[in-house]
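Trainee: In the UniProt record's numbering, the protein residues as written are 1 to 307. Backbone N, C-alpha and C define an ideal beta-carbon position, used for all residues, glycine too.
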Amino acid sequence: MSTSDLYGELRPRAFAIAYHMLGSVGEAEDVVQEAFLRVHQTLRKDEPIASPRAYIATLVTRLAIDQLRSARVRRERYVGEWLPEPLVTDPTPAEHAETADSLSLAFLVLLESLSPRQRAAFLLREVFEYPYAEVAEIIGTDVDSTRHLVARARGHVREHRPRYYASRRQREELAQRFFAAAEQGDLRALEALLTQDVVAHGDGGGKVPALGRPVKGRERVAKIVLTGLSVLARAGGRIQVTEVNGQPGATVFDAQHQLVAVMGLDIAQGGIQTIHSIVNPDKLRHFDQVGDLAALVRAARRSGHDG
Numbered sequence: 001m002s003t004s005d006l007y008g009e010l011r012p013r014a015f016a017i018a019y020h021m022l023g024s025v026g027e028a029e030d031v032v033q034e035a036f037l038r039v040h041q042t043l044r045k046d047e048p049i050a051s052p053r054a055y056i057a058t059l060v061t062r063l064a065i066d067q068l069r070s071a072r073v074r075r076e077r078y079v080g081e082w083l084p085e086p087l088v089t090d091p092t093p094a095e096h097a098e099t100a101d102s103l104s105l106a107f108l109v110l111l112e113s114l115s116p117r118q119r120a121a122f123l124l125r126e127v128f129e130y131p132y133a134e135v136a137e138i139i140g141t142d143v144d145s146t147r148h149l150v151a152r153a154r155g156h157v158r159e160h161r162p163r164y165y166a167s168r169r170q171r172e173e174l175a176q177r178f179f180a181a182a183e184q185g186d187l188r189a190l191e192a193l194l195t196q197d198v199v200a201h202g203d204g205g206g207k208v209p210a211l212g213r214p215v216k217g218r219e220r221v222a223k224i225v226l227t228g229l230s231v232l233a234r235a236g237g238r239i240q241v242t243e244v245n246g247q248p249g250a251t252v253f254d255a256q257h258q259l260v261a262v263m264g265l266d267i268a269q270g271g272i273q274t275i276h277s278i279v280n281p282d283k284l285r286h287f288d289q290v291g292d293l294a295a296l297v298r299a300a301r302r303s304g305h306d307g
């Protein structure tokens with residue numbers, strides 16, 4: 001089988017592993033490209049690859065572990081709160097439905113608290129369902145050590161994830177009501193859709209206006225949301241409800257139809273528990289036509305003064 005054939009067949013799984021490991025579309029793409037370059041070099045030397053699937057998984061995982069170790073140093077110096085790069089996902093394919101919860105922005109943020117090897121072992125076993133023996137071989141350790149890594153990671157994840165999940169239909173209906181209330185400026189309706197301990201997170205990377213730190217509490221978060229959408233409306237922007245990282249969310253566009261933000265909602269316990277807003281333009285580069293949020297805010301201010 002040629003490199004191009006392998007790429008077409010194995011790239012989706014390779015990217016999924018890399019993205020779950022890194023929370024970055026750009027870094028995941030780089031890891032996948034490097035992995036397939038090494039496959040190509042191996043094939044050119046006429047060296048046999050017994051299992052391309054296992055070989056690619058091993059290359060991608062080990063490259064991602066190395067990348068994550070260096071990325072963590074940069075993330076410690078990051079301006080403001082670091083959030084993963086968002087993906088707008090297709091809600092219809094079965095493969096997305098199977099990993100929707102593991103793609104959520106809240107879950108990827110939670111994975112940041114694991115060590116790179118813990119993260120790799122946990123994802124390969126719990127999300128991608130590799131046998132323990134294969135996980136051990138991929139990360140270069142023995143089966144007992146792998147079981148220990150997975151058990152510790154699983155315990156940490158269970159401790160910090162919500163216990164009660166909403167169905168897909170409930171999530172979609174609640175999200176539609178949330179964005180409708182927000183666009184109508186209905187503060188009370190908006191508050192009713194948020195859990196009491198809701199938290200809003202923002203990532204501007206120090207490059208555009210964003211939340212400096214997480215905002216907690218139903219009333220404060222509702223007011224922040226309405227303020228942001230009021231700015232958007234005054235500048236002629238719009239919201240498009242869509243699926244973000246397997247969960248309800250929205251893409252936000254300026255008056256020139258350029259993307260300025262991606263919002264993801266995590267819904268549990270009968271309400272919206274977490275809101276993630278990514279506005280750092282560097283984290284939106286994998287989308288077409290990224291706009292300037294700072295310019296949008298200036299336009300809104302001018303509109304307010306003119307009014």
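Pick out the complete alpha helix (DSSP H) segments inside the region 1–42, 4 residues or longer, and give them in chain order.
Mentor: 3–22
Trainee: List the endpoints of the continuous alpha helix (DSSP H) containing S145.
Mentor: Counted from its first residue, the sequence shown places residue 145 at position 145. Taken as a continuous stretch (DSSP letters only), the alpha helix (DSSP H) holding S145 covers 143–160.
Trainee: What residues in its chain sit with their C-beta under 8 angstroms from that of H203, if we drop five residues either side in the sequence?
Mentor: Position 203 of the sequence shown, counting from 1, holds the residue named residue 203. The sequence given here has Asp at residue 203, not His. Result list for D203: G80, E81, W82, L83, A210, H276, S277, I278, V279, N280, K283, in chain order.
Trainee: How many Å lie between L229 and Q184 at the Cα?
Mentor: Here residue 229 is taken as the residue at index 229 of the sequence shown, counted from 1. Here residue 184 is taken as the residue at index 184 of the sequence shown, counted from 1. Distance between the alpha carbons of L229 and Q184 is about 10 angstroms.
Trainee: Kindly indicate the opening and closing residues of the alpha helix (DSSP H) around V60.
Mentor: As a working note, residue 60 is residue 60 in the sequence shown. First-last of the alpha helix (DSSP H) with V60: 52–76.
Trainee: For G140, does the count of other Cβ atoms within 10 angstroms reach 16, so buried, or fall short, so exposed?
Mentor: Within the sequence shown, numbered from 1, the residue matching residue 140 stands at position 140. Under this definition G140 is an exposed residue.
Trainee: What number of angstroms, rounded off, separates the C-alpha of V290 from the C-alpha of T251?
Mentor: Against the sequence shown, residue 290 aligns to sequence position 290. Against the sequence shown, residue 251 aligns to sequence position 251. Taking the straight line joining both Cα atoms gives about 11 angstroms.
Trainee: Reducing DSSP to helix, strand and coil, say where K216 ends up.
Mentor: Translated into positions along the sequence shown, residue 216 becomes position 216. It is a strand residue.
Trainee: Could you give the DSSP three-state label for R177: helix, strand or coil?
Mentor: In the sequence shown, counting from the first residue as 1, residue 177 sits at position 177. In this structure, R177 counts as helix in the three-state DSSP scheme.
Trainee: Buried or exposed for Q256, going by 16 or more other Cβ atoms inside 10 Å?
Mentor: On the sequence shown, residue 256 is found 256 positions in, with the first residue counted as 1. It is exposed - the Cβ of Q256 has fewer than 16 other Cβ atoms within 10 Å.
Trainee: Can you list, in chain order, the stretches of the beta strand (DSSP E) that have 3 or more residues and sit fully within the region 236–295?
Mentor: 238–244, 247–253, 259–268, 271–278
Trainee: For the beta strand (DSSP E) containing V199, list its first residue and its last residue.
Mentor: Working through the sequence shown from its first residue, we reach residue 199 at position 199. Unbroken beta strand (DSSP E) run through V199: 194–203.
Trainee: For V65, which residues in the same chain have their Cβ closer than 6 angstroms to its Cβ, ignoring the five residues on either side in sequence?
Mentor: Counted from its first residue, the sequence shown places residue 65 at position 65. The residue you asked about is not Val; residue 65 is Ile in the sequence shown. The residues are P116, A120.
Trainee: Which value, in whole angstroms, describes the spacing of the CA atoms of D197 and A235?
Mentor: Position 197 of the sequence shown, counting from 1, holds the residue named residue 197. Position 235 of the sequence shown, counting from 1, holds the residue named residue 235. Answer to the nearest angstrom: the Cα atoms are 31 angstroms apart.
Trainee: Once the 5 residues before and after L293 are set aside, which same chain residues still bring their CB inside 6 angstroms of it?
Mentor: In the sequence shown, residue 293 corresponds to position 293, counting from 1. Closer than 6 angstroms at Cβ, skipping near neighbours: V208, V260, V279.
Trainee: Which same chain residues, not among the five before or five after R69, have their C-beta less than 7 angstroms away from its C-beta?
Mentor: Along the sequence shown, one-based indexing puts residue 69 at 69. The beta carbon of R69 sits closer than 7 angstroms to the beta carbons of P116 from its chain, once the five residues preceding and following it are set aside; these are given in chain order.
Trainee: What distance in whole Å lies between the Cβ atoms of R147 and E126, which are believed to be in contact at a cut-off of 8 angstroms?
Mentor: Position 126 of the sequence shown, counting from 1, holds the residue named residue 126. Position 147 of the sequence shown, counting from 1, holds the residue named residue 147. That belief does not hold up - the Cβ atoms of E126 and R147 are roughly 12 angstroms apart, past 8 angstroms.
Trainee: Suppose contacts are defined by Cβ-Cβ distances below 8 angstroms. Is V143 in contact with A151 by that definition?
Mentor: Your numbering for residue 143 matches position 143 in the sequence shown. Your numbering for residue 151 matches position 151 in the sequence shown. Their beta carbons are not under 8 angstroms apart, which means V143 does not touch A151 by this criterion.
Trainee: Going along the chain, which residues of its own chain have a beta-carbon closer than 8 angstroms to the beta-carbon of L6, five neighbours each way excluded?
Mentor: To locate residue 6, count along the sequence shown from 1; it is residue 6. Contacts found: F36, V39, P52, I56.
Trainee: Rounding to the nearest angstrom, what Cα-Cα distance links H286 and G26 in this structure?
Mentor: Position 286 of the sequence shown, counted from the first residue, corresponds to residue 286. Position 26 of the sequence shown, counted from the first residue, corresponds to residue 26. In this structure, the straight-line span from the alpha carbon of H286 to that of G26 is close to 7 angstroms.
Trainee: Under a Cβ-count criterion, where at least 16 other Cβ atoms within 10 Å of its own Cβ denotes burial, should E76 be classed as buried or exposed?
Mentor: The residue you call residue 76 lines up with position 76 of the sequence shown. When all chains shown are included, E76 counts as exposed.
Trainee: Which stretch, first to last residue, makes up the alpha helix (DSSP H) that contains A136?
Mentor: Position 136 of the sequence shown holds residue 136. Element bounds for A136: 132–139.
Trainee: Which two residues bound the contiguous alpha helix (DSSP H) that contains L110?
Mentor: For the purposes of this step, residue 110 is taken as the residue at position 110 of the sequence shown. Per DSSP, L110 belongs to the alpha helix (DSSP H) from 105–111.
Trainee: Among residues of its own chain, excluding the 5 on either side of F128, which ones have a beta-carbon nearer than 7 angstroms to its beta-carbon?
Mentor: Taking the sequence shown and counting its residues from 1, the one referred to as residue 128 is at position 128. Here the set comprises I17.
Trainee: Return the CA-CA distance between A299 and L43, expressed in angstroms with no decimal places.
Mentor: Indexing the sequence shown from 1 puts residue 299 at position 299. Indexing the sequence shown from 1 puts residue 43 at position 43. So the two alpha carbons sit approximately 55 angstroms from each other.
Trainee: Measure from the alpha carbon of E34 to the alpha carbon of each residue in I49, P48, D46, F15, then state which is nearest.
Mentor: Against the sequence shown, residue 34 aligns to sequence position 34. Ranking I49, P48, D46, F15 by Cα distance to E34 puts F15 first.
Trainee: Report the three-state DSSP secondary structure of V225 (helix, strand or coil).
Mentor: Here residue 225 is taken as the residue at index 225 of the sequence shown, counted from 1. Three-state DSSP puts V225 in a helix.
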